[in-house]
């Protein structure tokens, strides 16, 4: 444990640097970094500041958000299969994005797509809270989340189904695969405040999640206000996942796999897992986003696809390793 | 007498049916109260309502406290024994210190001392660094009792804490409860083993269909008439040189 956090921090720093240095423009390490820091008037400054920096920053933001929200959701539900998409926010954000693409709104101005996605994510959360209520049990929360995901998924299919325009359809399909390519600092400034707000809220949950290890009754008797914890969790998860989906599309497996890998390394303590998973999520998304650029540089491989290709086998391996524990 | 637990006219309804029916109870320092009654008598509901974990009518001095103050006044060991993750035993027991820790704080020396006391009391030294979910059911129960002890509150409430423990562990646990009460705290514990209740509790409260039908010294509560009426049971009860001996003999149902 004592060495895990520095190691993860180091991993984030190293991969962040690597992310800044890898790209189609063949420029040396020192030249790239000096172009990032000093505006030397060359196109390289533009490449570094407007293309590579936002991409690396978004990888950190999205990864940390998904990792931390996954750890919090698993801790709250005391279930290693929980993931942040469970409350229906990613599905409703995706619906908004698809509507923006389909109606052509997305082409009108840069932020049209992420803003619409955030709008529908907010609608999804409001519907969730109305259904599960601030006092609802955890099971009601899951069921309401599944229902909202299903509804958003059905509406999304409807949009695709009725789409008269094959170009819009392929654009939608590619967007849904999730990517960090061609994002700008505007996207960073949109996602960052919501994400930071969500991280701060999630960071307050550590003690309550630890106490929940003993069940809801015992946690309440230890002075944990469950109603407040649940509300904080839902709003924080909605903020970070809504923001992440709005700027990057649907990226799965991070919130599921990262807490699962790191749990044994933090003594299974939910509070420690929160912060470790934030760093671990950033590491995984940065690494996957670098892989996207290295494996097939000219084919625009999508981050969400690579993530699932890394995540699913990793998950299978974990299940294989731990299957005795579940028996 | 300053009561550590004071219930006045406490009722709990499931639908329109009362599961706890106008129970009043005062428990003071030095008392180890055994809550007895057949299945469905309302023992768990009474304890949970007293703690404010269940909607109720009437008053409970513990339920009236704000969450944080309540956790420093009463410790609770629920019947369902849940340890979700593979946290080591020491860390599980340290969760009992949650209400005492400063905001975002780590364990202070006095918290560590309380955890060590609880570990010694429940004789868990050799388990200290093992993942709690790898232990047997009875061992997990002892860990969770130690967790409640580590909270070091004036009042300790436990719902069937000794169910599933081996005979020696059952007796050790009841002796620990007795000693805690003798130190000037109060213990309220629901039990199905009337023999252990008779030997180790200073006082018994008998529940039947939500109502407290008897309250007093074990010998005065466990009368043949009440045992027949409430438990449908015939039993042997006598005082010996080894203390009170209670043995259920036959079911009258």
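Protein chains in written order, with this note's numbering: chain A, 45 to 371; chain B, 595 to 847.
Yeah, the Cβ is synthetic: ideal placement off N, Cα and C, and Gly gets one too.
Fair warning: this is a prediction, and the values are worked out from it, not measured in the lab.
Distance check for residue j and residue i, CA to CA, integer angstroms please.
i                      : j                      : result
residue 691 of chain B : residue 676 of chain B : 18 Å
residue 764 of chain B : residue 623 of chain B : 23 Å
residue 705 of chain B : residue 294 of chain A : 45 Å
residue 75 of chain A  : residue 93 of chain A  : 13 Å
residue 727 of chain B : residue 172 of chain A : 33 Å
residue 833 of chain B : residue 655 of chain B : 36 Å
residue 636 of chain B : residue 823 of chain B : 16 Å
residue 344 of chain A : residue 672 of chain B : 55 Å
residue 275 of chain A : residue 205 of chain A : 36 Å
residue 313 of chain A : residue 254 of chain A : 6 Å
residue 846 of chain B : residue 818 of chain B : 12 Å
residue 662 of chain B : residue 209 of chain A : 59 Å
residue 201 of chain A : residue 271 of chain A : 35 Å
residue 631 of chain B : residue 786 of chain B : 7 Å
residue 79 of chain A  : residue 60 of chain A  : 16 Å
residue 667 of chain B : residue 749 of chain B : 6 Å
residue 194 of chain A : residue 751 of chain B : 44 Å
residue 802 of chain B : residue 699 of chain B : 45 Å
residue 789 of chain B : residue 118 of chain A : 43 Å
residue 769 of chain B : residue 618 of chain B : 27 Å
residue 760 of chain B : residue 106 of chain A : 51 Å
Using a cut-off of 7 Å between C-beta atoms, extract the partners of residue i located in chain B.
i                      : result
residue 311 of chain A : 681, 682 and 685
residue 367 of chain A : Here the premise fails: no neighbours, minimum Cβ distance about 15 Å.
residue 122 of chain A : 678
List the residues of chain A whose Cβ lies closer than 9 Å to the Cβ of residue i, in chain order.
i                      : result
residue 677 of chain B : 257, 258 and 259
residue 662 of chain B : 267 and 269
Could you work out which residues of chain B lie near residue i, taking near to mean beta carbons separated by less than 8 Å?
i                      : result
residue 177 of chain A : Here the premise fails: no neighbours, minimum Cβ distance about 15 Å.
residue 254 of chain A : 689 and 692
Report the neighbours of residue i on chain A: residues whose CB is nearer than 7 Å to its CB, in chain order.
i                      : result
residue 672 of chain B : 259, 261 and 262
residue 665 of chain B : 265, 266 and 267
Starting from residue i, trace the alpha helix (DSSP H) both ways and give me its first and last residue.
i                      : result
residue 751 of chain B : No alpha helix (DSSP H) holds residue 751 of chain B; the beta strand (DSSP E) holding it covers 749-753.
residue 798 of chain B : Premise fails: residue 798 of chain B lies in the beta strand (DSSP E), 797-802, not in any alpha helix (DSSP H).
residue 645 of chain B : Taken as a continuous stretch (DSSP letters only), residue 645 of chain B belongs to no alpha helix (DSSP H), as it is neither H nor E.
residue 274 of chain A : 270-292
Among the residues of its own chain, which have a CB less than 6 Å from the CB of residue i, if the five just before and after it don't count?
i                      : result
residue 247 of chain A : none
residue 646 of chain B : 657
At a CB-CB cut-off below 7 Å, which residues of chain D make contact with residue i?
i                      : result
residue 821 of chain B : Included in the structure are the protein chains A and B, with no chain D among them.
Take residue i and list the residues in its own chain whose beta-carbon comes closer than 8 Å to its own, dropping the five residues that flank it on each side.
i                      : result
residue 67 of chain A  : 91, 95, 96 and 337
residue 820 of chain B : 800, 807 and 808
residue 758 of chain B : 731, 732 and 735
residue 650 of chain B : 604, 605, 606, 614, 643 and 657
residue 111 of chain A : 298, 299, 302, 303, 321, 322, 323, 324, 325, 326 and 328
residue 722 of chain B : 682, 683, 684 and 713
residue 56 of chain A  : 104, 323, 326, 327 and 330
How would you list, in chain order, the residues of chain B whose beta-carbon sits under 9 Å from the beta-carbon of residue i?
i                     : result
residue 99 of chain A : Going along chain B, no residue has its Cβ under 9 Å from residue 99 of chain A, so there is no contact; the nearest lies around 34 Å.
What span of residues does the beta strand (DSSP E) with residue i cover, start to end?
i                      : result
residue 590 of chain B : A query on residue 590 of chain B cannot be resolved here, the shown segment of chain B reaching from 595 to 847 and no further.
residue 634 of chain B : Per DSSP, residue 634 of chain B belongs to no beta strand (DSSP E) and is neither H nor E.
residue 843 of chain B : 837-845
Leaving out five residues on either side along the sequence, give the residues of the same chain with a beta carbon under 7 Å from the beta carbon of residue i.
i                      : result
residue 859 of chain B : Beyond the ends of chain B as shown, which are 595 and 847, falls residue 859 of chain B; an answer cannot be given.
residue 189 of chain A : 130, 131, 132 and 172
Just to make sure I have the definition right: I need the residues of chain A whose C-beta is within less than 8 Å of the C-beta of residue i. Which are they?
i                      : result
residue 647 of chain B : 261, 264 and 265
Of all the alpha helix (DSSP H) runs that stay within the bounds of the segment 85-131 of chain A, which reach a length of 4 or more residues? The segment 85-131 of chain A contains, as complete alpha helix (DSSP H) runs of 4+ residues, the segments 87-90 and 97-121 (chain order).
Uninterrupted alpha helix (DSSP H) stretches inside the segment 769-826 of chain B (no shorter than 4 residues): You should have 788-794 and 812-815.
Residue ranges of each beta strand (DSSP E) run of no fewer than 3 residues wholly in the segment 675-763 of chain B, ordered along the chain? Fully enclosed beta strand (DSSP E) runs of 3 or longer: 749-753.
Considering only residues of the segment 155-192 of chain A, which uninterrupted beta strand (DSSP E) runs meet the minimum length of 3 residues and lie entirely inside it, listed in chain order? Within the segment 155-192 of chain A, no complete beta strand (DSSP E) run reaches 3 residues.
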